[in-house]
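Asker: The sequence shown begins at 29 in my numbering and counts up one residue at a time.
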Amino acid sequence: MKGMLSPSLMCADPLNLQADIETLDALGVEYIHLDFMDNKFVPNITLDTTLVKAVKGVLRNMKRDIHIMAYDPEQFFERMDIGSGDIVSVHYEACEDLHSVISAIRQTGASPFVAISPDTAPEVLKDYLSEVDGVVVMTVYPGFAGRPIVEGSFEKLAAVRKLLDSSGRKLILEVDGHVSWDLCQKMRQCGADLFVAGSSSIYAKGLDLKDSVPKMMALIQ
Ligand code: DX5
Ligand code: ZN
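(1) Report, in whole angstroms, the separation of the C-beta atoms of residue 111 and residue 91, which I expect to be a contact under 8 Å.
(2) So, residue 12 versus residue 95, is the Cβ gap smaller than 7 Å?
(3) Buried or exposed: residue 190, going by 16 or more other Cβ atoms within 10 Å of its Cβ?
(4) Ends of the beta strand (DSSP E) at residue 92?
(5) Taking 6 Å as the line, does the beta carbon of residue 125 fall inside it for any heavy atom of the ligand ZN?
(6) With 16 other CB atoms within 10 Å as the buried threshold, where does residue 137 fall?
(7) What's the gap between the Cα of residue 89 and the Cα of residue 46?
(8) Return the bridge partner residues of residue 119 from the DSSP annotation.
(9) Across the stretch 236-249 and the stretch 29-43, are there enough close Cβ pairs to call them in contact, namely three or more that are closer than 8 Å?
(10) What's the call for residue 152, buried or exposed, on a 16-neighbour Cβ count within 10 Å?
(11) When DSSP labels each residue in this structure, what does residue 242 get in the three-state scheme?
(12) Give the secondary structure of residue 61 by DSSP, where H, G and I count as helix, E and B as strand, and everything else as coil.
(13) The alpha helix (DSSP H) spanning residue 49 covers which residue range?
(14) Please work out which residues of its chain come closer than 6 Å, Cβ to Cβ, to residue 164, disregarding the five sequence neighbours upstream and downstream, and give them in chain order.
(15) Just to confirm before moving on: does the CB-CB distance between residue 108 and residue 68 stay below 7 Å?
(16) For the ligand DX5, I want to know if residue 168 counts as a neighbour, meaning its beta carbon is within less than 6 Å of at least one of the ligand's heavy atoms.
(17) Tell me whether residue 85 sits in a helix, a strand or coil according to DSSP, three-state version.
(18) Is any heavy atom in the ligand ZN found nearer than 6 Å to the beta carbon of residue 206?
(19) Measuring only from the beta carbon, is residue 38 closer than 6 Å to any heavy atom that is part of the ligand DX5?
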């Protein structure tokens, strides 16, 4: 599967979001990564449901890649207007009944992904591989941009890739957290398909998306 980019909007200039979305769309970026946090599952609040919903109205070709770092994520689906074309990632650690959350996402027409935090073992994913379209491996502790990569992340990416391929289904491996200029190719070699690009790459200080995005797209092929 070709390498795809999902720029993390929480890393953009909050006073310039629509301009960035339009630039990214025009550059042919496949997904826009929208982090939603409840200040409980992670000690932070970033993009709110109103913004996540509003983004849908300004996309031309780009699709939403919604990362819900919240307990009981189903309560937010309607307010985000999730539906066909969206990736909706929910955390294994935040769901009482993950099977029912996955099927609730499926019923909206969106594409369900399961995200696992750094301290969660890849094996937990086994029970869900027949129901999802992909998984998200968090290579930082979730909740904030600019965090360092967690020790053992590359081995974990390779282990999850192996697990996904053993399912016999074409499943997407998304990597989220510290996807940097110097580490993204190693993440690709470990089997990542979809790369969340934030403050460690295209949104690093002083970069222009028009230059940094094509550069990152080339690195992850
Ligand atoms: C962190 C978020 C990521 C993060 C990626 O919890 O899920 O989207 O912002 O950005 P960097 O590159 O700063 O890790
Ligand atoms: Zn994220």
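Idealized CB from N, CA, C, for every residue including glycine.
Answerer: Reading from the atomic positions:
(1) Reading the sequence shown from its first residue, position 83 is the one you call residue 111. Reading the sequence shown from its first residue, position 63 is the one you call residue 91. 11 Å between Cβ atoms; not a contact.
(2) Only positions 29 to 249 of the chain appear in the structure, and residue 12 is not among them; the question remains open.
(3) In the sequence shown, the residue the question calls residue 190 occupies position 162. Within 10 angstroms of the beta-carbon of residue 190 lie fewer than 16 other beta-carbons, which makes it exposed.
(4) Position 64 of the sequence shown, counted from the first residue, corresponds to residue 92. Taken as a continuous stretch (DSSP letters only), the beta strand (DSSP E) holding residue 92 covers 91-97.
(5) By 1-based counting over the sequence shown, the position of residue 125 is 97. Every heavy atom of the ligand ZN is 6 Å or more from the Cβ of residue 125, so no.
(6) As a working note, residue 137 is residue 109 in the sequence shown. Around the beta carbon of residue 137, a 10 Å sphere encloses fewer than 16 other beta carbons of the protein chains shown; the residue is thus reported as exposed.
(7) As a first step, residue 89 must be located in the sequence shown, where it is residue number 61. As a first step, residue 46 must be located in the sequence shown, where it is residue number 18. The alpha-carbon separation between residue 89 and residue 46 amounts to approximately 14 Å.
(8) As a working mapping, residue 119 is identified with position 91 in the sequence shown. Answer is 143.
(9) Between the stretch 236-249 and the stretch 29-43 there are three or more C-beta pairs closer than 8 Å, enough to call the two in contact.
(10) Residue 152 sits at position 124 when you count from the first residue of the sequence shown. It is exposed - the Cβ of residue 152 has fewer than 16 other Cβ atoms within 10 Å.
(11) Position 214 of the sequence shown, counting from 1, holds the residue named residue 242. Secondary structure at residue 242: helix, using DSSP grouped into helix, strand and coil.
(12) Working through the sequence shown from its first residue, we reach residue 61 at position 33. Assigned with DSSP and collapsed to three states, residue 61 falls in strand.
(13) Within the sequence shown, the letter at position 21 stands for residue 49. Looking at the DSSP string, the run of the alpha helix (DSSP H) that includes residue 49 is 45-54.
(14) Counting from one through the sequence shown, the residue named residue 164 turns up at place 136. Excluding sequence neighbours, residue 164 sits near 117, 141, 143, 202 and 204.
(15) Here residue 108 corresponds to residue number 80 of the sequence shown, with the count starting at 1. Here residue 68 corresponds to residue number 40 of the sequence shown, with the count starting at 1. Not closer than 7 Å, so no.
(16) For the purposes of this step, residue 168 is taken as the residue at position 140 of the sequence shown. Relative to the ligand DX5, the beta carbon of residue 168 is positioned inside 6 Å of a heavy atom.
(17) If you number the sequence shown from 1, residue 85 lands on position 57. Helix, per DSSP.
(18) Here the question's residue 206 lines up with position 178 in the sequence shown. Not under cutoff, so the answer is no.
(19) Against the sequence shown, residue 38 aligns to sequence position 10. Flag set: Cβ of residue 38 near the ligand DX5.
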